[in-house]
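Per the numbering used here, the sequence shown starts with residue 96, numbered consecutively. Each residue gets a CB set at the ideal place from its N, CA and C atoms; glycine is no exception. Keep in mind it's a predicted model, so treat the numbers as computed, not measured.
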Amino acid sequence: MKKILRPFSDPRVIIGLVLAVLVALLFTLGPRFGITGETRLLVIIGLMMVAMIVLLLTGGKKRKKKSADIERSLLLEADSLVMSSSGAQRQANEKARDELAKAIDALKKARGAGGRSALHELPWYLVLGRENSGKSTMIQNSGLQIPSGGAGEEGTRRQGIGGGRSLRWWFTQQAILLEGHGRFLDREDDADARTDFDALLEVVRKTRGETPVQGIVVTISAEDLIRHESARLDEQARVIRRRLDAARDGLLEHCPVYLVVSKADLVHGFQEFFQDLEGNARDQVCGATLSVEQMKEDADRVFSREFDQLYRSMCQRRIPRMVSEERPAVRGRVYLFPLEFQTLKRKLARFVKSVFEPDTAGRRPDFRGFYFGSGHVEGEPVEMVVNEVSRVIGLPPEFDDASDVTRVIHDLPAPAAAVPAPSAVRRRTEDGEPRFLRELFTRVLLMDAPLARPTEAWARRRRTRSWVLRGLGGLAVALLVTFLLVSFFRNHSLLNRTEELARDAAKVAGAPTNASDLENRLRQLEALRQQLEKLDRYDHRRPLTLGLGMYRGRDVNRRARAVYLNRLTEVFLGPSRAELESRLFVTYPQSPEEYQKYFESYRAYLMLIEPSRAEVPELSEELVEFWAAG
């Protein structure tokens with residue numbers, strides 16, 4: 096029942112219904128108060144303008160109310176975490192709750208006049224990735240502005256706001272980011288993580304409504320691609336796919352999914368290859384955003400095609416970059432980087448296929464694009480090309496997939512001339528500047544916010560509800576138009592009939608010569624008299640089929656009554672008065688009986704010449720006797 100009545104709680108529906116009722120009342124009751132014609136039209140226009148103003152005001156108020164509901168829901172969820180914990184965990188949850196409240200207040204203040212509706216109006220994005228996959232670093236370097244004073248301390252602001260065991264909040268002035276806990280993607284058989292993730296989705300859906308999030312960012316570190324064997328990456332891909340399917344079913348929406356390869360500076364030669372980029376060049380997107388048509392293709396095929404194009408662009412950049420570099424060792428790493436980058440393709444293509452391939456029902460996540468980025472990462476780049484060459488010639492690899500234990504090439508016995516210095520092979524990243532992250536958020540994610548859409552089932556329910564409302568509205572309009580047409584034609588028929596009877600009555604002329612002649616003439620006027628009686632009744636109460644502002648009986652009643660009274664005076668009252676007057680002057684009573692009759696005739700004569708003194712029953716009786724005797 097609540098679902099049926101929910102549409103009628105929409106201010107637009109309520110205002111529309113109120114406006115329709117007021118317009119109907121204007122047509123039905125307005126004439127009684129003199130509101131007709133142009134006056135009624137002006138009143139309707141005024142009501143419509145008032146309705147538009149109210150809609151604008153309620154729209155802003157509705158957004159603020161939704162934002163307040165979101166804030167209340169988030170704080171209640173934080174309170175429940177506090178109440179369900181104890182000891183040190185309770186203190187941590189209380190601190191997180193306070194930080195959350197301060198962050199929301201800071202966001203509202205930072206956005207000025209529109210801050211009260213920020214939680215509702217800003218797009219939300221869900222960020223998923225394993226522990227240490229670079230999620231927080233990526234968000235910190237996204238270019239999104241985090242309001243100052245949100246958590247009271249700069250360090251806390253740079254780490255996001257804790258939201259219990261499930262997520263970390265990032266409130267920025269351009270978007271709100273929900274960083275999911277790394278355990279959501281750790282193991283395929285983690286029932287607790289799955290339960291917590293489903294609970295998180297339910298909270299977000301109930302909090303945000305129709306399209307809870309505008310996109311999902313999935314991070315996988317380049318380090319995982321380099322060091323992990325394919326089987327382990329396949330397991331990670333299966334977990335991610337399950338979480339994406341759960342997000343679709345739990346949020347009841349399809350939203351674009353962005354695959355970000357983080358920690359790209361751990362790919363050997365990355366820092367040197369892009370070291371010459373400065374300013375805005377560091378902020379550009381490194382990757383591919385798929386078009387809507389490409390999103391319908393097989394994910395692994397379109398990925399391979401776009402990856403190859405990206406690889407070719409790096410090869411084109413290699414020679415100019417080597418020419419501009421004076422240091423020989425750096426030139427070597429610049430030369431090798433496109434090859435190092437190319438070695439990521441095989442595992443990454445397999446990963447993309449596992450995550451985005453259709454299920455048995457043909458459903459799959461909306462693969463929007465893949466990107467590479469780096470922040471300030473502590474790590475040691477790995478020479479994958481050297482590792483592959485080592486495998487070919489039979490040397491132990493630089494690292495072992497099965498154990499994930501890194502082994503350094505220079506520790507192996509080799510000719511001194513063949514082994515470069517350790518600093519040339521394994522070194523910690525030196526350049527802390529982030530690359531290829533800012534425009535990923537500001538020019539890709541934020542611009543894609545409208546792409547999120549409800550699932551097919553939810554869309555069907557929306558369409559059904561929309562069609563029901565449209566059907567009810569159409570039925571109401573059809574009934575109104577039908578009543579208006581019926582009222583128009585019935586009023587038209589009423590006016591034509593009255594005018595026709597008035598024309599017929601106007602043809603009745605001449606004084607009657609006897610009672611039979613009078614009766615015949617009065618019979619000719621009787622139809623008009625009955626019509627006038629009907630019009631008199633309609634003045635006080637008329638059927639709906641004559642109303643709705645169409646009734647014009649009063650005007651025709653006055654005109655037809657004038658014709659009727661004119662004809663009645665000429666045919667009946669005039670001759671009666673003349674005849675009575677003649678008799679009164681030429682006859683004189685000789686007896687009491689004649690005197691009584693003379694008096695009654697005289698009284699009838701006075702009532703004829705002075706209508707205010709008329710007593711209808713006595714006058715009618717006297718005239719009937721008079722004409723019967725004549």
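Ile234 (DSSP reduced to helix, strand or coil)
Secondary structure of Ile234 (DSSP, three-state): helix.
Can you tell me whether DSSP reads Tyr646 as helix, strand or coil?
When secondary structure is reduced to three states using DSSP, Tyr646 falls in the coil class, being assigned neither helix nor strand.
If you compare alpha carbons, which of Leu150, Ile148, Phe122 and Val149 is closest to Val138?
Nearest option by C-alpha distance: Phe122.
Cutoff 8 angstroms; reference Leu641; Cβ partners in own chain excluding five residues on either side
By the criterion of a C-beta distance shorter than 8 angstroms, Leu641 is surrounded in its chain by Ser582, Arg585, Asn586, Leu589, Tyr633 and Gly648, once the five residues flanking it on both sides are discounted.
Apart from the five residues just before and just after Arg557, which ones in its own chain have a Cβ nearer than 7 angstroms to its Cβ?
Excluding the 5 residues flanking it on each side, Arg557 has same chain C-beta neighbours closer than 7 angstroms at Pro549, in chain order.
Buried or exposed by the 16-neighbour rule on C-beta atoms within 10 Å, applied to Met645
With at least 16 other beta carbons inside 10 angstroms of its own, Met645 counts as buried.
Please say whether Leu361 and Glu318 have beta carbons closer to each other than 7 angstroms?
Yes, they are a contact pair.
Cutting at 8 angstroms between CB atoms, please list the residues of its own chain near Phe432, excluding the five before and the five after it.
The residues are Val362, His363, Gly364, Phe365, Glu367, Phe368, Met409 and Arg413.
Boundaries (first-last residue) of the alpha helix (DSSP H) holding Asp461:
Annotation for Asp461: no alpha helix (DSSP H) segment contains it, though the beta strand (DSSP E) segment containing it runs Asp461 to Phe467.
Can you give me the C-alpha to C-alpha distance between Pro460 and Leu385, rounded to a whole angstrom?
Near 13 angstroms, if we compare the C-alpha coordinates of Leu385 and Pro460.
Between Phe292 and Arg338, which are expected to be in contact by the criterion C-beta below 8 angstroms, what is the C-beta distance as a whole number of angstroms?
The pair is a contact, with the Cβ atoms about 6 angstroms apart (cut-off 8 angstroms).
Quick one: complete alpha helix (DSSP H) runs, 4+ long, within the stretch 137-196?
DSSP runs (the alpha helix (DSSP H)) wholly in the stretch 137-196: none.
Rounded straight-line distance, which links the Cα of Ala201 to that of Leu346:
Rounded to the nearest angstrom, the gap between the Cα atoms of Leu346 and Ala201 is 28 angstroms.
Proximity of Asp403 and Lys448 at Cβ, strictly below 7 angstroms:
No, they are not a contact pair.
Tell me the DSSP bridge mates of Val222?
BP columns for Val222 point to Glu274 and Val312.
Counterpart residues of His349 in DSSP-defined beta bridges:
Bridge partners of His349: Arg548.
Whose C-beta lies closer than 6 angstroms to the C-beta of Thr537 among residues of the same chain, with five residues either side of it excluded?
So the qualifying residues of the chain are Gly238.
For the alpha helix (DSSP H) that Thr290 lies in, which residues bound it at each end?
Thr290 -> alpha helix (DSSP H) spans Ala286 to Arg303.
Closest by CA to Arg327, which one among Leu295, Leu540, Leu124 and Asp281?
Nearest Cα to Arg327 within the set Leu295, Leu540, Leu124 and Asp281: Asp281.
Give me whichever residues DSSP pairs with Ile321 in a beta bridge.
Under DSSP, Ile321 forms no beta bridge with any residue.
Thinking C-alpha only, which one of Leu296, Val418 and Gly468 is nearest Gln379?
Gly468 is the residue among Leu296, Val418 and Gly468 whose C-alpha sits nearest the C-alpha of Gln379.
How about the stretch 297-309 and the stretch 212-227: do they share at least three Cβ pairs that are nearer than 8 angstroms?
Yes, the stretch 297-309 is in contact with the stretch 212-227.
Relative to the C-alpha of Ile335, which residue among Gly224, Pro529, Gln184 and Val108 is closest?
Comparing Cα positions, the closest option is Gly224.
Can you tell me whether Asn236 is buried or exposed, with buried defined as 16 or more other CB within 10 angstroms of its CB?
By the neighbour-count criterion, in which a residue is buried when 16 or more other Cβ atoms sit within 10 angstroms of its Cβ, Asn236 is buried.
Whole angstroms are fine: how far does the CA of Leu120 sit from the CA of Lys629?
Taking the straight line from one Cα to the other gives about 24 angstroms.
Please say whether Tyr683 and Ala600 have beta carbons closer to each other than 7 angstroms?
With respect to the 7 angstroms criterion, Ala600 and Tyr683 are not classified as neighbours on the basis of their beta carbons.
Give the range of the alpha helix (DSSP H) segment to which Leu531 is assigned.
Before going on, a small fix: residue 531 reads as Phe here, not Leu. Run containing Phe531: none; DSSP gives neither H nor E here.
Per DSSP, what are the beta-bridge partners of Arg135 in this structure?
Within the DSSP secondary-structure output, Arg135 pairs in no beta bridge.
Flag this pair as yes or no: are the beta carbons of Lys440 and Thr314 separated by less than 7 angstroms?
The Cβ-Cβ distance between Lys440 and Thr314 does not fall below 7 angstroms.
Which whole-angstrom value describes the C-beta separation of Pro351 and Asp543, a residue pair presumed to lie in contact below a C-beta threshold of 8 angstroms?
Contact holds; Cβ gap of about 5 angstroms.
Helix, strand or coil for Arg263 per DSSP?
DSSP places Arg263 in strand when its eight states are reduced to three.
Considering Gly427, what are the terminal residues of the alpha helix (DSSP H) in which it resides?
Counting along the chain, the alpha helix (DSSP H) containing Gly427 begins and ends at Pro423 to Gln437.
7 angstroms CB neighbourhood of Pro508 in its chain, flanking five on each side removed
The pLDDT assigned to Pro508 is 35, lower than 50, so where the model puts this residue is not dependable, and the model offers no usable value.
Quickly, what does DSSP pair Thr384 with across the bridge? List them, please.
Its beta-bridge partners are Gly464.
Taking only the alpha-carbon atoms, compute the straight-line gap between Arg598 and Arg592 and give it to the nearest angstrom.
Cα to Cα, Arg598 sits roughly 10 angstroms from Arg592.
Start and end residues, alpha helix (DSSP H) containing Val397:
First-last of the alpha helix (DSSP H) with Val397: Ala394 to Ser419.
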